[in-house]
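**Student:**
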Amino acid sequence: MQELFSPNVAKSSFYILSDYHIYALVGVFLFLSLVLFYTKICNDTNKLNRLRVGLAIFTILVEVSWHVWALSVGVWHVNHALPLHLCSLGAILSIFMLLKRRYGIFEVLYFWGIAGAVQAILTPDLRGYNFPHFHYFWYFTSHGMVVLAVLWMLIVEQVRPTWNSLRKTVLITMLYALAVYPINIVTGGNYMLLMHAPVVPTLADFLDVWPGYLFWLPVVALVVATICYLPFAIVDASRRYKNKEIIV
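Residue numbers (the numbering used here): 1222 to 1469.
See below:
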């Protein structure tokens, strides 16, 4: 139990696609699959609503639990613990989105969740912790819940992003980055990866060194967001083509 909540980092490093990473990937995949499978076979709207609210409450508990742990063991610090990273903010937004079923939140969270949370799961930065530490379980659960919230809106609520959603998300993200940048300077943090690339391999590794890094960051963000929207763009183009054939 002491090892589970210890403030000390692991003696053995966490590696991408290591056994413990694969276990986490499988666990997240199975959890998402089970929840979404249940939503497909459940025809009771009241049960689905209770599940939706339950997932929101569970996400609250997950996020609060990390701050309680970090404060209790003395590892909470303003340079990394504020909920200013896109995934941290995304977790908070996912709670409101699930509770209120707000499409406006979904428009932004779709891109943050698919582009940000999924990449975080695939290329995790556990800050030196490893299985079976609490931080390990929290990290994958937190990011997995963001992805689940997005998939819930797509599959259960049957909403989808638009080109306008992409443009809105890019604008909001850039404005948010401008607001976060001075906070990084004051706290010595690296929120939104604005000050330097993360220590783990990500798409940011292909960028220039800071400050040239700041020029390429929005370019990469736009490219990734466009890729996230691509499936919907292909479906729309296919429908227009079929409708054109029918008219002809």
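For each residue, glycine too, the CB sits at the ideal point set by N, CA and C.
Which word fits residue 1235, buried or exposed, when buried means at least 16 other C-beta atoms lie within 10 angstroms of its C-beta?
**Tutor:** Indexing the sequence shown from 1 puts residue 1235 at position 14. Classification for residue 1235: buried.
**Student:** Tell me which residues share the same chain as residue 1260 and place their Cβ nearer than 7 Å to its Cβ, disregarding the 5 neighbours each side in the sequence.
**Tutor:** The residue given as residue 1260 occupies position 39 in the sequence shown. Result list for residue 1260: 1269, 1376, 1377, in chain order.
**Student:** When you compare the region 1262-1281 with the region 1380-1398, are there three or more beta-carbon pairs, one atom per stretch, that lie closer than 8 Å?
**Tutor:** no
**Student:** Run through DSSP, which three-state label would residue 1328 get?
**Tutor:** The residue you call residue 1328 lines up with position 107 of the sequence shown. Of the three classes helix, strand and coil, the one that applies to residue 1328 here is helix, per DSSP.
**Student:** By DSSP, does residue 1469 sit in helix, in strand, or in coil?
**Tutor:** The residue labelled residue 1469 in the question sits at position 248 within the sequence shown. With a pLDDT of 48 at residue 1469, under the threshold of 50, the modelled position of that residue is not reliable, and the figure given next carries that caveat. Here residue 1469 sits in coil by DSSP.
**Student:** So is residue 1262 buried or exposed if we call it buried at 16+ other beta carbons inside 10 Å?
**Tutor:** Taking the first residue of the sequence shown as 1, we reach residue 1262 at position 41. Exposed.
**Student:** Would the region 1356-1371 count as touching the region 1246-1258 if we require 3 or more Cβ pairs under 8 Å?
**Tutor:** Yes: at least three Cβ pairs fall under 8 Å.
**Student:** Between which residues of its own chain and residue 1457 is the CB-CB distance below 8 Å, once the five residues before and five after are set aside?
**Tutor:** The count along the sequence shown starts at 1 and reaches residue 1457 at position 236. Once the five neighbours on either side are set aside, residue 1457 has no close Cβ partner at all.
**Student:** Going by Cα to Cα distance, which pick from 1334, 1320, 1300 is closest to residue 1281?
**Tutor:** Within the sequence shown, the letter at position 60 stands for residue 1281. That would be 1320, whose Cα lies nearest to the Cα of residue 1281.
**Student:** Kindly give me the distance between the Cβ atoms of residue 1364 and residue 1308, rounded to whole angstroms, as I take these residues to be in contact under 8 Å.
**Tutor:** Residue 1364 sits at position 143 when you count from the first residue of the sequence shown. Residue 1308 sits at position 87 when you count from the first residue of the sequence shown. Right, the Cβ-Cβ distance comes to about 6 Å (below 8 Å), so this counts as a contact.
**Student:** Excluding the five sequence neighbours on either side, which residues of its own chain have a C-beta within less than 6 Å of the C-beta of residue 1352, listed in chain order?
**Tutor:** Your numbering for residue 1352 matches position 131 in the sequence shown. Cβ neighbours of residue 1352 within its own chain (closer than 6 Å, five residues either side excluded): 1241.
**Student:** Buried or exposed for residue 1226, going by 16 or more other Cβ atoms inside 10 Å?
**Tutor:** Here the question's residue 1226 lines up with position 5 in the sequence shown. Under this definition residue 1226 is an exposed residue.
**Student:** Looking at the structure shown, is residue 1237 part of a helix, part of a strand, or coil, going by DSSP?
**Tutor:** Stepping through the sequence shown from its first residue, residue 1237 is reached at position 16. DSSP places residue 1237 in coil when its eight states are reduced to three.
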